[in-house]
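Colleague: There's a structure below that I have some questions on.
Set out below in structure tokens:
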């Protein structure tokens with residue numbers, strides 16, 4: 091969509107990436123942030139979600155608290171995946187693939203070893219929007235950044251290969267805030283394709299919707315909001331599920347990682363928090 095001035099207006103699932111950018115900008119402005127994302131404010135502002143834009147009204151206090159919980163989860167998962175990427179490149183991985191890249195700015199804000207190639211896979215519209223902001227900010231990537239405009243429901247492995255991805259070399263894959271928007275069969279298909287492109291020693295970082303989260307959030311979610319589009323949750327046994335796909339995985343709750351990062355959750359643990367939500371996985375030898 092475009093507004094009266096001809097500017098692109100985020101819509102649908104990719105519009106949620108602008109909301110994520112707003113949260114990252116808020117964290118960056120904190121006195122002691124868990125990460126710094128200098129481009130997040132520019133993405134949020136260009137998408138109409140800058141600091142001067144009031145947040146959408148919440149139906150009640152419970153809805154407001156749920157929104158704060160989502161914002162908190164974005165901060166924790168961002169730090170979790172930053173650390174995972176640091177470990178991956180320290181182990182020698184030099185290919186990074188961001189699936190559903192959205193407004194991710196890791197190519198610009200993280201330190202990458204020489205020879206790193208980072209592929210951003212997303213549809214053409216958000217990548218075009220993002221490119222316009224990057225030009226405006228005169229942003230310079232710290233690695234070889236390659237955009238791959240393709241819908242994940244189409245032949246994205248072919249598009250990724252055409253962009254230069256080498257499946258014979260280890261890759262670190264990131265699917266952040268993505269899988270919750272896909273039906274379970276689509277999640278399965280996506281990860282099977284990822285596995286087929288992953289040499290031994292590849293790594294993967296996933297965020298999964300904790301069990302019960304869709305029912306808890308979708309009931310009063312506003313039309314077009316992120317929660318209104320959530321459809322899938324983590325399986326009952328995520329470690330076993332990923333083992334069947336050829337990955338040795340560890341799962342963590344947001345609560346566990348938040349405490350480790352010095353941001354302990356002070357509210358009582360919720361039963362529907364589940365046994366995971368954040369996943370770190372290594373590709374087993376074929």
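Numbering (this note's numbering), first residue to last: 91 to 376. Glycine residues also receive a C-beta, built at the ideal position from the N, C-alpha and C atoms.
May I ask you to list the residues that DSSP assigns as paired with residue 234?
Modeller: DSSP lists 207 as partners of residue 234.
Colleague: Who are the Cβ neighbours of residue 329 in its own chain at under 7 Å, not counting the five residues just before and after it?
Modeller: Excluding positions up to five away in sequence, the list reads 339 and 341.
Colleague: Alpha carbons only, please: which of 182, 177, 348 and 355 is nearest the one belonging to residue 124?
Modeller: For residue 124, the nearest C-alpha among the options comes from 348.
Colleague: With a cut-off of 8 Å, do at least 3 Cβ pairs link the segment 258-265 to the segment 279-298?
Modeller: The segment 258-265 is in contact with the segment 279-298.
Colleague: For residue 233, is the classification buried or exposed, using 16 other Cβ atoms within 10 angstroms of its Cβ as the cut-off for buried?
Modeller: The residue is buried, with at least 16 neighbouring Cβ atoms inside 10 Å.
Colleague: Check each candidate in 182, 191, 223 and 212 and name the one with the smallest Cα separation from residue 205.
Modeller: Answer by Cα proximity: 182.
Colleague: I need the straight-line Cα distance from residue 374 to residue 334, nearest angstrom please.
Modeller: Rounded to whole angstroms, residue 374 to residue 334 spans 11 Å at the Cα level.
Colleague: Along the alpha helix (DSSP H) that carries residue 248, what are the first and last residues, could you check?
Modeller: Where residue 248 is concerned, the enclosing alpha helix (DSSP H) stretches over 246-252.
Colleague: Taking the C-alpha atoms as reference points, what is the distance between residue 253 and residue 356?
Modeller: If I take the Cα positions, the gap works out to 46 Å.
Colleague: Please report the straight-line C-alpha distance between residue 249 and residue 118, rounded to a whole angstrom.
Modeller: Each residue's alpha carbon lies about 34 Å from the other.
Colleague: I think residue 242 touches residue 190, with their Cβ atoms under 8 Å apart; what is that distance to the nearest whole Å?
Modeller: Sure, about 7 Å apart at Cβ, within 8 Å.
Colleague: Since residue 271 and residue 319 are thought to touch, with beta carbons under 8 Å apart, how far apart are those beta carbons, to the nearest angstrom?
Modeller: Indeed, because the Cβ distance is near 6 Å, the residues count as touching under 8 Å.
Colleague: Of all Cβ atoms in chain D, is any one closer than 8 Å to the Cβ of residue 259?
Modeller: Structure shown: chain D not included; a single protein chain is present.
Colleague: Quick one: residues in its chain with C-beta nearer than 6 Å to the C-beta of residue 184, no 5 flanking neighbours on either side, listed in chain order?
Modeller: Around residue 184: 205 and 206.
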